[in-house]
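Inspection log for the structure reproduced underneath, given as structure tokens.
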Amino acid sequence: MLASLLIQTLNGLASASLLFLVALGLSLIFGVTRIVNFAHGSFYMLGAYMAVSINVWLGGGILGFWGAVAGAALAVAAIGLVMELTILRRIYRAPELLQLVATFGVVLLIKDATLFIWGPEDILGARAPGLTGSISIFGKRLPLYDVFLILLGPAMLAAIWWLLRRTAWGLRVRAATEDRGMAAALGIDQARLFTSVLALGAGLAGLAGALALPREPASLGMDLSIIADVFVVTVVGGLGSIPGAYLAAVIISVIKAWCIGLGTVNVFGTVVSFTKLTLVAEFLVLATVLVLRPHGLLGSEPPAQRGAAHVHAPLPEPARGFWMAAGLGLVAMLALPLFADRYALVLLTDIAVFALLASSLAILMGWAGMASFGHAAYFGAGAYGAALAALAGAPFAVSVASGLILATGLAALIGRLAVRTSGISLAMLTLAFAQILWAIAFQWDGVTGGSNGLVGVWPPGPLASKTTYFLFAMLTAAVTLGLLWRLAHSPFGYALRATRDNPRRAEASGFDTLALRWSAFILSGAIAGLAGAIFVFSKGSLSPDVLAIPRSVDALVMVLLGGFETLAGPIVGALVFTLLADWLTRTTDYWQAVLGAAIITLTLIFPHGIVGTFERWRARGDRQ
Amino acid sequence: MSRSASTDAAAERAARPLLEIDGLSASYGRATVVHDLDLTVARGEALVLLGRNGAGKSTTLKSVMGLEVERRGRIVFDGQGIDDWPTHRIAAAGIGYVPEDRRIFAGLTVTENMAVGRLPPRDGHAWSEAEIWELFPPLAAIRERRAGYLSGGEQQMLAIARTLMGNPRLLLLDEPSEGLAPVILERIAEAVGMLKSRGIALVVSEQNLAFVRDFADRLLIIETGAKRFTGTIADLAADPSIAERYLAV
Amino acid sequence: MTAPHALAVEHLSKSFGGFRAVHDVSFHVATGEVTALIGPNGAGKTTTFNLVNGQLTPDSGRVLVAGTDVTGRDPRALWRGGVARTFQITATFPSMTVRENVAIGVMALAPHFWSLQRPASLSGSATDALLADVGLTGMADLLAGTLAYGDLKRVELAMALANAPSLLLMDEPTAGMAAAEREALMTLAVRVCKARGAAILFTEHDMSVVFRHATRIFVMSAGELVATGTPEAIRRDPLVREVYLGKAAAP
Amino acid sequence: MKRSFPGLLGLAVAASLATASLLPDRVAAQEPIRVGELNSYKAIPAFLEPYKKGWELAVEEINAAGGVVGRKLEVVSRDDNASPGDAVRVAEELVSREKVALLTGGFLSHVGLAVASFANQQKVVFIASEPLTDKLVWESGNPYTFRLRASTYMQVSMLVEEAVKLGKKRWALVYPNYEYGQSAVASFKALMQARQPGVEFVAEQAPPLGKIEAGAVTQAIADAKPDAIFNVTFGPDLQKFVREGTTRGIFNGVTVFSLLGGEPEYLDPLKDEAPVGWYVTGYPWDQIKTPEHDKFLAAYRARWNDYPRLGSVVGYAALKSVAAAIAKAGSPETEKVRAAMAGLEVDTPFGRVTYRALDHQSTMGAYVGRTAVKDGRGVMVDWRYEPGEKHLPPDDEVRKRRPQ
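Protein chains in written order, with the numbering used here: chain F, 141 to 764; chain H, 107 to 355; chain S, -19 to 231; chain V, 848 to 1251.
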């Protein structure tokens, strides 16, 4: 038993090294540029594919393998460099999360490009020559390559530590991490430093991808399967803390290995499958760590970057005539069934749902200044609540209310813990809770239907028609959004924005800022839940993917594309994103690449979101 | 031929002011803070910008440095137009900037902070650590301490020291006296005087006239982003109405 | 019995780790009185200030506002108890107009949060009066984020006065201002507070402001209160000159 | 500070997109029969690219032979983004705008179930080609949904047939942690316990799909000292599992059963590292010598200059099923096609299969055999075809599981 535990620990350490290598690059990039690089997993995947090709090109053998490792790292570094030069450099001054959206576009682009170049089949790479065997420990065999990896982690930690502490370049990186504007004023070329950091970070991810090849095939799922883990490692360790990232990688990997080693255990008559816990182990660690230590294990409060600090845009009261115009618009929408075909109504029903979801997220991001990476949790809770009630025979209205109540309750619970933190910690905490909920829905077969989900959740009677359901969805969304827009300039809306602008002043002016943030969280969750409830009845079925990361990312993309500090932004974002995706999937086989390119282009043209950027252009016009 | 031509060019450059600002306007997002400002700084001269906060002093200095503001207008340093240069290139050309809130790198040690600022020698001279310790003796004793643990006065010394490592010809000091106890102020003022005596030109934004009295060559009062007065301390003293208006002492 | 002091601080102590930041400090501010707290950096001024405004809780000692023990209450509770404050780094809401900033200060007194109506204070007479008092009526519709620094200070003053305070705490109110403006701001603050019957306690580095406006001065050094007195007395106090004032106090 | 409606300009941008998406396409008057096809092409390309080639070949053959009921067949194919919600919307688009006669496709079980539910509500025939979940035709079965591929239960049953012959007592189980893996293992346990009393399951590993920690998992299995392993992982997980297990020597002296392990999609990437002697279900495309397969193989190679994968067969057979159903119905009309589907016989590369009237499951079988390495690549040996009808539970049991 002890021998097993030891071997499992070593297994964990070997996995930790690769995870650490990828996280290392992400951490460096975030530290200096403040960019949450969603494309980091894509760099890792590219590293693996590049290494496969370079190894073949070099004719295999020792030279082929190690040449491929080095070559892949360099090639991916070059790609990171190109991404910095062509995309990121143009949007450093945009709100931080917009850069995340741009890198999300890069993810889509790289994925399709990889499919195009290397084809759909998984490619098993060569093993490391000389490291194909295994050594025996207590009668168990441990691959030599794992031994190599176990040593590699601390070696890379030491190497990077040396690079950062003992070289002039490292000194510049550390200085720029604290205050890039001041570093520039001391003669440090920020642009070149950023480019080099992006290249190094991408190169490290590429290196990890190449080094992963003896353990896993190059496959198109590598990017997204590692990216969430790497975010978790970076945040658990403490953003920007390199030793923290290693510690976190070790903790998470070893916990997983132990869970696997424990297997299925009978605890006082209950059978507990620890191996199933590996589905969500990293997020349980993340939630625990962030609740106890909001800045991660070895992290400290990140220094505020000057110049990059975002000044929130004003949210002016709607002009006279606005409500009249909005009412006319609604009437036009409701008259649409007279002209449009059924599919248009179905598409608009989706848009109404996503407009609600995006607007609910914008309450958090725009009004309260809190980003949520796990907004699908409340959307999904609304959907599950409504579906379960409907399947239990509840009337339609009761079902929708059930979804709303479940989502609101969850938001209250999660919000209570989340609102005490802020920034990336808060965003990652919401992600962790969303993933835990996802895992519950995924596993709880008896209630949620497990990974297959629930089917046959159609609205009853007159609402079964797509036309009436469209009218219902559109009217509900319009009324909710109308109330929301009023709320923006109600005492609550003002107080919330005051809390966001300057929490200390708000507190000194008699506001309970924590309660306000919590209320915003609950309100946001409730509206997302309403969207989820409407959604499930329009689709007739649901599965855990309503709670999964891609749904949260979609919501983020909509809000940021539209402009998160405007009332109309999330709606425009939902409209543009949904129509774009719908149109592209029907138009081209490589729709992912085109959608990615479109997202990147939109972020470059509209750095403050479509509506937000128009507002700025007009404000500038007013001034001149 | 070419040699004499370059000598001529050098002579011509030497005859021009070190810094010339012509029609500078600067804004932050929605707010325009400096309007159509002109000023010049001669080689080795110490110019003091006086005026209330928000008057545009800090913004003027940031504009010279190309930092965090949108600017329009012409800025010529040592004969070269620098108004479209990135910040790091301006620093490398010989302008040192010490911001109002010091902006020291809190996680780096004192010597590391100074190392960040190090640039190649200029005019055959490079500031050494030894010279810095001489200028600011308190720093020598805490050279391995993390800058985040320094007191306000020590941080101000470090901020100046760090900039000196870039061997500037022109030093921009933004409110160096801000928030410092009177006893510390005297030491800083003394050090600034020494820098001037070594030929470094200065633009100092200040509110505390007493602080600059010993080294200021010329005063320039700005209000709402425009020039209101320029002259020596003596000129200012000679016109009590100005002193009354801007510097109620 | 005389009326209770606007503020009474009794034997206040606070340590951070092993460091004794504030030790056994007692003083009081009478109703309507203007007082200043001075001392060198690290003397414990800011800690004392934060103990009084509720951002820190003392290890021992009491803080009484208008006779009520408020020790350990948070800033929100203090606000409701009539304590207002301004910040060293001016704290306003930059994405909102001047009127909105001031109205939010007024709003917190009578919040009807879940109403969908626009806050009554946006067009209320209390807001108008505050704007007029600090001379910002003409700038009411400008975004706070675009104002000059001195104007922002006035916005903050108006926001602070929104709860009709009995005590106004000002943390380095004139930091970062020109001499003329310092005068103007402090004169304004003192005038408005006098009219509204509010006492003032402020920390400040500018001795001319301190000596001109404070009727009583508290001097701290190394965590302890080392002197209390009128400006004249403080100016002459040899200990104060040694630890803090230096040559600057030379007559 | 009052402004006019801020979104107007943004809406204008969206409007140009909207015209592209919201306005119906004009459909020509004299039209071919349109078939809606939807699948997770971007999410599961390894299986679905060959799948697409399969159905494209089938459509070309059908149209070359004059189409069905005198009309050409036209497939409108869509990506469902591997999301049930998107799949339902895409299905709606295919039905209401593209006016397709029926729907086919599907790979992921949850997406397949969502489309099936939609088909039932909208009264559209849905021939699910690949989703393996038993629920599709049983617990969640509905009158409009049919399934081609042998289900999880059927494939497990085929392997159990072999497993009981060996009489191994201690079994370790490893399966991806989602419904497919769970129900495969549940069926395996139930069938084994029924047929081999005293069988023990000594280890159970359920790694997340696509994220197996292969070293730890293989080690944990070895520690349980099993006589045999039942593996349900596939794709990259399987490749990691094979490589780690081989390096650590955990397969020495242990018999391994691997569901889907013989499918070219999953066996080919392993090349010379393919496991030897594993019992698998799969597709020995290069060795099947039946006339119907020979014909398919030749046509596929001629058309695509590549060899078929299992996906190719499924895609091909799916469209052949569509054509057969319409031909039998005499018209693409939904209710007629639905009636025709019950008991429909279709010729596939695997031989003739029948869509059972009882539960709408086709009797398409699978090949069961053992793995070997030949000429540096994995192949199946000692294989035989297991017809689907042999591996379905008794009708009574099916009726109990399927809502009537």
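Ideal Cβ placement from N, Cα and C applies to all residues, glycine included. Small disclaimer: the values here were computed from a predicted structure and weren't measured.
Listed in chain order, the positions of the stretch 725 to 736 of chain F with a beta carbon within less than 8 Å of a beta carbon of chain V are Thr725, Arg726, Asp729, Trp731, Gln732. Against chain S, the CB of Leu720 of chain F has no partner CB under 8 Å away; the residue lies outside that interface.
Listed along chain H is no residue with a C-beta nearer than 9 Å to that of Gly118 of chain S; the closest approach is about 15 Å. Here Leu995 of chain V is actually not in contact with Leu950 of chain V; their C-beta atoms are around 13 Å apart, not less than 8 Å. When DSSP states are grouped into helix, strand and coil, Gly181 of chain F belongs to the helix group. Contact between the stretch 894 to 913 of chain V and the stretch 930 to 946 of chain V is absent, with fewer than three C-beta pairs closer than 8 Å. The continuous alpha helix (DSSP H) containing Gly633 of chain F extends over residues 631 to 641.
With fewer than 16 other CB atoms across the displayed protein chains lying within 10 angstroms of its CB, His231 of chain H is exposed. Our two residues, Thr269 of chain H and Leu145 of chain H, have alpha carbons roughly 23 Å apart in a direct line.
Scanning chain F for C-beta atoms nearer than 8 Å to the C-beta of Met150 of chain S yields nothing, as the closest lies near 12 Å away.
The Cβ atoms of Ile294 of chain H and Leu286 of chain H lie closer than 8 Å to each other.
Spanning the alpha carbons of Lys1015 of chain V and Phe1104 of chain V requires a straight line of approximately 11 Å. Counting only runs that start and end inside the stretch 230 to 317 of chain F, the alpha helix (DSSP H) elements of at least 4 residues fall at 236 to 258, 284 to 306. Per DSSP, reduced to three states, the secondary structure at Tyr1202 of chain V is strand. Residue contact check for Ala911 of chain V against chain F: no CB pair falls below 8 Å.
The residues Gly1235, His1238, Leu1239, in chain order, have a CB closer than 7 Å to that of Met1001 of chain V in the same chain once the five nearest residues on each side in sequence are set aside. DSSP places Met87 of chain S within a helical segment (H, G or I) once states are collapsed to three.
In this structure, Arg56 of chain S and Phe651 of chain F form a Cβ contact; the two beta carbons are roughly 7 Å apart against a cut-off of 8 Å. In terms of beta-carbon proximity, His231 of chain H stays away from the interface with chain F, with every pair separated by 8 Å or more. Between Ala155 of chain S and chain H, the shortest Cβ-Cβ separation is below 8 Å. Asn1078 of chain V: member of the beta strand (DSSP E) spanning 1075 to 1078, first to last residue. Using a Cβ-Cβ cut-off of 8 Å, Gln330 of chain F is close to Pro192, Thr193, His194 of chain H, given in chain order. Here the alpha carbons of Leu142 of chain F and Gly401 of chain F stand approximately 11 Å from one another.
Nothing from the stretch 200 to 215 of chain H brings a Cβ to less than 7 Å from some Cβ of chain S. When secondary structure is reduced to three states using DSSP, Tyr1232 of chain V falls in the strand class. Taking all protein chains in view, the Cβ of Leu468 of chain F is surrounded by fewer than 16 other Cβ atoms within 10 Å, so the residue is classified as exposed. For Gln261 of chain H against Ala267 of chain H, the beta-carbon gap comes to about 10 Å, at or over 8 Å, which does not count as contact.
In the structure shown, Tyr1027 of chain V falls within a helical segment according to DSSP collapsed to helix, strand and coil. Between the stretch 634 to 641 of chain F and the stretch 72 to 79 of chain S there are three or more inter-stretch CB-CB distances shorter than 8 Å, so the stretches are counted as touching. By the rule that beta-carbons nearer than 8 Å mark a contact, Pro218 of chain S does not touch chain H. Below 8 Å, enough C-beta pairs join the stretch 719 to 726 of chain F and the stretch 734 to 749 of chain F to call them touching: three or more.
Only Ser987 from the stretch 987 to 1006 of chain V bring a Cβ to less than 7 Å from some Cβ of chain F. Nearest to Tyr730 of chain F by C-alpha distance, out of V:Val1046, V:Arg881, V:Leu1085, V:Pro892, is V:Pro892. Taking 8 Å as the threshold, the shortest C-beta distance from Leu304 of chain F to chain H does not fall below it. 8 Å or more divides the Cβ of Leu143 of chain H from the Cβ of Arg177 of chain H. At least one beta carbon of chain S lies nearer than 8 Å to the beta carbon of Leu627 of chain F.
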